[in-house]
Structures are given as C-alpha cells and as structure tokens.
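Asker:
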Amino acid sequence: MKNNLLNERPMSGFPLSIATSLALETLFNPVIEVFDTTREVPPKAKVSDYSVFIFNINTLLRNIITSVPYIAIREVKFNEVLDILLEEIDFLTNFFNNNNMYIKFYINNYSYVKKTYDIKKLRNATTEKQLYIDQITAYCLDKIVKEDNVDKFTKDVKYHKEDNGLIFTHVPYDLLSYDNFTSLALLESHTGLIKTRKTWNSKYYPLPNKDMSTLPFFEYLLITFGDNVMFHPDPLKERLELYEALIKKKVHPMMSDFSLSILLK
Numbered sequence: 003m004k005n006n007l008l009n010e011r012p013m014s015g016f017p018l019s020i021a022t023s024l025a026l027e028t029l030f031n032p033v034i035e036v037f038d039t040t041r042e043v044p045p046k047a048k049v050s051d052y053s054v055f056i057f058n059i060n061t062l063l064r065n066i067i068t069s070v071p072y073i074a075i076r077e078v079k080f081n082e083v084l085d086i087l088l089e090e091i092d093f094l095t096n097f098f099n100n101n102n103m104y105i106k107f108y109i110n111n112y113s114y115v116k117k118t119y120d121i122k123k124l125r126n127a128t129t130e131k132q133l134y135i136d137q138i139t140a141y142c143l144d145k146i147v148k149e150d151n152v153d154k155f156t157k158d159v160k161y162h163k164e165d166n167g168l169i170f171t172h173v174p175y176d177l178l179s180y181d182n183f184t185s186l187a188l189l190e191s192h193t194g195l196i197k198t199r200k201t202w203n204s205k206y207y208p209l210p211n212k213d214m215s216t217l218p219f220f221e222y223l224l225i226t227f228g229d230n231v232m233f234h235p236d237p238l239k240e241r242l243e244l245y246e247a248l249i250k251k252k253v254h255p256m257m258s259d260f261s262l263s264i265l266l267k
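Just remember that this note's numbering sits 2 ahead of the position in the sequence shown, which is counted from 1.
As structure tokens, this is what we get:
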C-alpha cells in the first residue's frame with residue numbers, strides 16, 4: 003500500500019507533484035482544483051508551437067521527493083516513491099496522447115560530464131540528506147531506465163533535428179542540446195515560465211551585483227560560472243574577469259558558439 007504522505011502531497015491543477023503541476027498550468031486548463039487560486043499563472047502557451055514535449059524523469063522524481071518535508075520522505079519506502087513516479091509518467095503519457103501531443107521521457111546519466119570534468123568541479127552529495135536522496139534517486143532511476151518508453155542519454159538530449167521542442171528539466175546542462183533541434187524552449191518547474199535561449203543565462207550561478215542577462219548560454223560559460231545543480235562556480239576573481247571581458251566585447255544571448263570563441267581569442 004502506498005504511503006499516505008506521498009498520496010497527499012500538494013498538487014495543483016493536475017494529479018502531479020506541485021512543482022510539476024504548476025508548470026503544466028501554463029500549457030493546459032486544470033483538471034483538478036488548483037493549489038492557489040490567487041496565483042498569477044503565466045500566459046497560456048501556444049502548444050501547437052511545439053512538436054515534441056520532453057520530460058526529464060529525474061526532474062519529475064526530484065519534484066516528487068521535494069513535495070513533502072524531508073523528515074516525511076525518510077518514512078517512505080523506496081518502492082513507494084517509484085510507484086508514485088510511475089503513476090505520474092502514466093498520467094502524463096495518457097494526458098498528452100489524448101491531446102494528440104507527442105511526449106518523450108528521458109534519463110541522462112551525464113557520463114560524459116563525469117569523465118570530462120574534474121570531480122572537484124562537480125556538485126556531489128555531501129550531507130546526510132543529500133546522500134539519502136541520492137539513494138532514492140539511484141533506486142528509482144535504475145528501475146525506470148529499463149522501461150521501453152524511456153530514452154537514455156549520456157551527454158546530449160537528441161530526438162529529431164526538425165523538432166521544435168519544449169523540455170522540462172531542472173538540469174541546465176540539458177539545455178546545451180539546443181543545436182539538436184530546430185528550436186528548444188524550457189518549461190520551468192514551479193513558475194511554469196517558458197524560457198527560450200535568450201533567458202537561459204538565468205541558470206548561471208549569480209555574480210554579486212552583476213547583470214548576466216546579456217550573456218549567451220554555452221558549455222564553457224556554464225562550466226566557468228557554474229550553476230545550482232551540476233557545476234561549482236570557478237573562483238570569484240576568475241568569473242569576474244570573464245564577465246568583464248564578455249561585457250566589453252558586447253556579447254548577446256543569441257550569439258553563436260563560434261562567434262564567442264573568436265571574441266575570446
């Protein structure tokens with residue numbers, strides 16, 4: 003029998019953990035009661051603009067785990083968390099299919115990142131809470147990865163080059179796959195905001211008192227500036243030097259990787 007704490011987790015508009023369901027309110031009219039009737043929902047997206055809707059299973063899982071207090075998660079069996087995750091995947095699959103929308107699920111193990119970058123650069127679990135959540139995550143993903151409807155990646159998220167994709171992920175590194183699509187936009191957990199490449203610079207670890215909104219989004223910059231998920235930022239002095247160089251060169255969010263490399267030579 004599933005744990006009541008997870009069954010009673012907060013939801014809004016859809017039978018999904020609240021961070022996920024709030025995001026879906028940007029795409030669809032609610033099918034159950036919303037959590038906050040006073041919330042200002044972002045403008046409804048034109049779903050016909052997208053040919054594929056891409057969900058990071060790790061993000062769905064993270065949103066389930068964080069929907070209840072950590073002390074409550076400690077009382078939940080791993081297989082009960084997995085059951086909830088499978089229910090959410092099943093709901094999303096049926097809901098999107100019933101609306102004639104193409105949905106894909108993926109797991110990225112980021113083995114390329116782990117092989118390429120120094121372990122000191124990567125954010126890894128250190129606290130008791132983080133280590134425990136890592137155990138739950140590993141258990142669930144090890145089970146889910148065997149499912150036929152789950153795509154497996156080690157670096158880039160890839161489907162069809164002609165796709166206009168909307169991706170649901172909390173991992174900024176996944177956004178570096180934008181060149182694999184005609185267009186790629188991010189559907190953000192909690193806020194439900196749809197962010198195009200112009201605003202992905204908001205995913206960089208912030209620099210104190212600096213406006214990063216004119217910066218492009220590239221791997222080199224992500225590694226240097228860091229984020230809140232995968233990469234520790236470089237020392238502040240180095241980040242400030244790079245930032246000032248970029249501002250001096252008048253970079254903009256939509257410039258190409260090649261153009262940036264020429265500017266920084």
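Think of the CB as a built atom: it goes at the ideal place given N, C-alpha and C, for glycine as much as any other residue.
Going by DSSP, what residues sit across from Ala-187 in a beta bridge?
Answerer: Paired residue(s): Leu-168.
Asker: So for Tyr-268, helix, strand or coil by DSSP?
Answerer: For the chain, the structure presents residues 3 to 267; residue 268 sits outside this window and is missing.
Asker: Helix, strand or coil for Asn-211, going by three-state DSSP, please let me know.
Answerer: coil
Asker: Please work out which residues of its chain come closer than 7 Å, Cβ to Cβ, to Asp-165, disregarding the five sequence neighbours upstream and downstream, and give them in chain order.
Answerer: Ser-53, Val-54, Phe-183, Thr-184
Asker: Quick one: Cα of Met-257 to Cα of Pro-218, how far?
Answerer: 6 Å
Asker: What residue range is occupied by the uninterrupted alpha helix (DSSP H) comprising Phe-80?
Answerer: Looking at the DSSP string, the run of the alpha helix (DSSP H) that includes Phe-80 is 80–100.
Asker: Run through the segment 226–266 for me and flag every whole beta strand (DSSP E) of 3 or more residues, listed as ranges in chain order.
Answerer: none
Asker: Indicate whether Lys-205 and Asp-181 have their beta-carbon atoms separated by less than 8 Å.
Answerer: no
Asker: Report back the beta-carbon spacing between Leu-195 and Ile-169 to the nearest angstrom; my notes put them in contact at under 8 Å.
Answerer: The Cβ separation is near 13 Å, so there is no contact.
Asker: For Ile-34 and Phe-16, which I take to be in contact (beta-carbon distance under 8 Å), what is that distance rounded to the nearest angstrom?
Answerer: 6 Å
Asker: Have a look at His-162, Lys-157, Leu-266 and flag the residue whose alpha-carbon is nearest the alpha-carbon of Pro-174.
Answerer: Lys-157
Asker: Keeping to the same chain, check which residues put their C-beta closer than 8 Å to that of Tyr-104; ignore five residues upstream and five downstream.
Answerer: Ser-53, Val-54, Phe-55, Phe-98
Asker: Which of the three DSSP states is assigned to Asp-150 in this structure?
Answerer: coil
Asker: May I ask you to list the residues that DSSP assigns as paired with Phe-124?
Answerer: The sequence shown places Leu at residue 124, rather than the Phe named in the question. Per DSSP, Phe-233.
Asker: If the criterion is Cβ atoms closer than 8 Å, does the pair Leu-226 and Leu-242 meet it?
Answerer: Looking at the sequence itself, residue 226 is Thr, so the reference to Leu does not match. In this structure, Leu-242 does not lie closer than 8 Å to Thr-226 by Cβ.
Asker: Which residues mark the beginning and the end of the beta strand (DSSP E) in which Tyr-52 is found?
Answerer: First-last for Tyr-52: undefined, no H or E at that position.
Asker: Could you tell me the distance, in whole angstroms, from the CA atom of Lys-48 to the CA atom of Gly-167?
Answerer: 13 Å
Asker: For Glu-120, which of His-234, Lys-79, Tyr-161, Thr-61 has the nearest alpha-carbon?
Answerer: Inspection of the sequence shows that residue 120 is occupied by Asp rather than by Glu. For Asp-120, the nearest C-alpha among the options comes from His-234.
Asker: Near Ser-14, what residues of its chain come up, given a Cβ to Cβ distance below 6 Å and the 5 sequence neighbours on each side ignored?
Answerer: Ile-20, Ser-23, Leu-24, Val-36, Phe-37
Asker: Can the beta-carbon of Lys-1 be found less than 8 Å from the beta-carbon of Thr-68?
Answerer: Residue 1 lies beyond the range of the chain shown here (3 to 267); nothing can be said about it.
Asker: Going by DSSP, what residue range makes up the alpha helix (DSSP H) through Asn-60?
Answerer: 59–67
Asker: Just to confirm the assignment, what range does the alpha helix (DSSP H) spanning Ile-73 have?
Answerer: 72–75
Asker: My output table needs one value for Tyr-206: the three-state DSSP class, helix, strand or coil.
Answerer: If DSSP states are grouped into helix, strand and coil, Tyr-206 belongs with coil.
Asker: Considering only DSSP beta bridges, list what His-105 is partnered with.
Answerer: Sequence check: residue 105 is Ile here, not His. Paired residue(s): Phe-55.
Asker: Compute the Euclidean distance between the alpha carbons of Glu-246 and Val-152, then round it to the nearest angstrom.
Answerer: 42 Å
Asker: Where does Lys-197 sit, in a helix, a strand or coil, going by DSSP?
Answerer: strand
Asker: How is Asn-31 classed by DSSP in three states: helix, strand or coil?
Answerer: Coil, per DSSP.
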